[in-house]
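Q: Here's a structure for you.
There are 2 protein chains.
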Amino acid sequence: MSDFVHLLKTKDLKATPQRICVLRELEKKNHPTIEHLYDALRKENPSMSLATVYKNIATLKEKGIVIEVNISDGKMHYDIYSHPHVHLVCQNCGVIQDIDYDDALVAYQHSLETHKGIKVGRLDLIATIESCSFCKK
Amino acid sequence: MSDFVHLLKTKDLKATPQRICVLRELEKKNHPTIEHLYDALRKENPSMSLATVYKNIATLKEKGIVIEVNISDGKMHYDIYSHPHVHLVCQNCGVIQDIDYDDALVAYQHSLETHKGIKVGRLDLIATIESCSFCKK
DNA sequence: CTCTTTTTTTCGAATCATTCCATAATACAC
DNA sequence: GTGTATTATGGAATGATTCGAAAAAAAGAG
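For the protein sequence lines, the chains are S and P, in the order given. This note's numbering numbers the first residue of the first sequence as 1 and each following residue consecutively. This note's numbering numbers the first residue of the second sequence as 1001 and each following residue consecutively.
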């Protein structure tokens, strides 16, 4: 049984081909928008409906399998959240990269918690850079 | 000359009453949505149009005076960006608080820059907490 | 202050994204 | 296989955002 089938079952979701396609596309780490997903998935499965993409993304988001990434380009991007990470966005070419947690980020979270007396549930962090290796400027 | 008039002039924007009202409302640090702004501003100025709110927010965003805050509640919130800060969001009551940069965050930014060999332009960070002093749970 | 130019505001219409709805199809447990 | 609950589909409905044209107002010059 594929990993995605197993993942869906543990979250009480039926392992439909459409859902698995969405996850497979997200796995490519392109951080696609709904429109990108719809275009990509229709190539394999022409009957795939836009409503299905919306609905599945919403469902996967509710279950914590998928997260939104807002890079302020007017469209929402989506990402599989298989492990805690943050994002790096190139302002020039728009490429989004995952960045794993490191000691310094964990230290910041601790500093927040001790200083403010709170328990942080999640850090959504987007670091913007002016250019990156993909647009080599 | 009021601070906002001066600020707008330095960004080559005309200091219209509508624009100043938007800034004054944002200054309250309610982190309002477009809808909130429209409702609040119409009370003072009933002829204020929704299109004007949208347009002014877009203009102020382009000039870097205002930033978007996406707390994943389906609506975009807006904030004056007069100095670098990040946000704390209570998942329970939805209140958004500003948090100034501290040493640990500066250290994280430095660690990103040295480790990845990049120059970070801006950090958009939203720390989610389960409950806060405003909803006292 | 008045004139001129440019920007901004306003309102309604148009557009675009997202959600809803009813029906058909499918996954999965037994 | 059969039955039941869930999901997919397409089109219509909704709701948010943008557009466009005309009127209003700001800034600057004289």
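Cβ atoms here follow ideal geometry from the backbone N, Cα and C, with glycine treated the same way. Note that the structure is a prediction, hence the values are computed from the model and not measured.
Return the first residue and the last residue of the alpha helix (DSSP H) that S:L8 is part of.
A: Residue 8 of chain S sits at position 8 when you count from the first residue of the first sequence. Unbroken alpha helix (DSSP H) run through S:L8: 3–10.
Q: I need the straight-line Cα distance from P:A1058 to S:H6, nearest angstrom please.
A: Against the second sequence, residue 1058 of chain P aligns to sequence position 58. Against the first sequence, residue 6 of chain S aligns to sequence position 6. When rounded, the distance between both Cα atoms is 44 Å.
Q: Can P:T1033 and P:K1075 be called in contact, C-beta distance under 7 Å?
A: Here residue 1033 of chain P refers to the residue found at position 33 of the second sequence. Here residue 1075 of chain P refers to the residue found at position 75 of the second sequence. A contact, by the Cβ cut-off of 7 Å.
Q: Which residues bound the alpha helix (DSSP H) around S:T128?
A: On the first sequence, residue 128 of chain S is found 128 positions in, with the first residue counted as 1. Per DSSP, S:T128 belongs to no alpha helix (DSSP H); it is in the beta strand (DSSP E), 120–129.
Q: Is DSSP giving S:Q91 helix, strand or coil here?
A: Reading the first sequence from its first residue, position 91 is the one you call residue 91 of chain S. Note: S:Q91 maps to coil in three-state DSSP.
Q: Which residues in chain S sit within 9 Å of P:D1102, going by Cβ to Cβ distance?
A: Residue mapping note: residue 1102 of chain P aligns to position 102 of the second sequence, counting from 1. Going along chain S in sequence order, the residues near P:D1102 (Cβ under 9 Å) are Y108, S111, L112, H115.
Q: So, is the C-beta of S:D79 closer than 7 Å to a C-beta in chain P?
A: The residue you call residue 79 of chain S lines up with position 79 of the first sequence. Output row for S:D79: interface = no.
Q: Using only CA atoms, which one of S:N45, S:E25, S:S131 lies nearest to S:H36?
A: Within the first sequence, numbered from 1, the residue matching residue 36 of chain S stands at position 36. Measuring from the Cα of S:H36, the nearest candidate turns out to be S:E25.
Q: Does the beta-carbon distance from S:Y81 to P:Y1108 come in below 7 Å?
A: For the purposes of this step, residue 81 of chain S is taken as residue 81 along the first sequence, with counting starting at 1. For the purposes of this step, residue 1108 of chain P is taken as residue 108 along the second sequence, with counting starting at 1. No. Outside cutoff.
Q: Measuring alpha carbon to alpha carbon, tell me which of S:A127, S:V95, S:E113 ends up nearest P:S1131.
A: The count along the second sequence starts at 1 and reaches residue 1131 of chain P at position 131. Out of S:A127, S:V95, S:E113, S:E113 has the C-alpha closest to the C-alpha of P:S1131.
Q: What does P:Q1091 reach in chain S if we use C-beta pairs closer than 8 Å?
A: As a position in the second sequence, residue 1091 of chain P is number 91, starting the count at 1. Residues of chain S passing the Cβ test: G121.
Q: Exposed or buried, which one is S:L125 when buried takes at least 16 other CB atoms within 10 Å?
A: Along the first sequence, one-based indexing puts residue 125 of chain S at 125. Result: buried.
Q: Beta-carbon within less than 7 Å of P:E1044's beta-carbon, same chain only, minus the 5 sequence neighbours each way: which residues are those?
A: One-based indexing of the second sequence puts residue 1044 of chain P at position 44. The residues are C1021.
Q: Residues in the same chain with beta-carbon distance under 6 Å from S:H87, minus the five sequence neighbours each way, listed in chain order, please.
A: Indexing the first sequence from 1 puts residue 87 of chain S at position 87. Closer than 6 Å at the Cβ level, and outside the excluded window around S:H87, lie V69, I96, I126.
Q: Quick check on S:T33 - is its C-beta less than 7 Å from some C-beta in chain P?
A: Within the first sequence, the letter at position 33 stands for residue 33 of chain S. No, S:T33 lies away from the interface with chain P (no Cβ there is under 7 Å from its Cβ).
Q: Hey, which unbroken runs of the beta strand (DSSP E) at 3 residues or more fall wholly within the segment 44–93 of chain S?
A: You should have 66–70, 76–80, 85–90.
Q: Taking Cβ positions only, does P:L1105 come closer than 7 Å to chain S?
A: Residue 1105 of chain P sits at position 105 when you count from the first residue of the second sequence. At least one chain S Cβ lies under 7 Å of P:L1105.
Q: Quick one: is P:C1090 buried, meaning 16 or more other Cβ sit within 10 Å of its Cβ, or exposed?
A: Along the second sequence, one-based indexing puts residue 1090 of chain P at 90. With 16 or more other Cβ atoms within 10 Å, it is buried.
Q: Consider the Cβ of S:L26: report whether some Cβ of chain P lies at a distance smaller than 7 Å.
A: For the purposes of this step, residue 26 of chain S is taken as the residue at position 26 of the first sequence. False, the Cβ-Cβ gap to chain P never drops below 7 Å.
Q: Looking at the unbroken beta strand (DSSP E) that takes in P:D1100, where does it start and where does it end?
A: What you label residue 1100 of chain P is simply residue 100 of the second sequence in a count that begins at 1. First-last of the beta strand (DSSP E) with P:D1100: 1096–1100.
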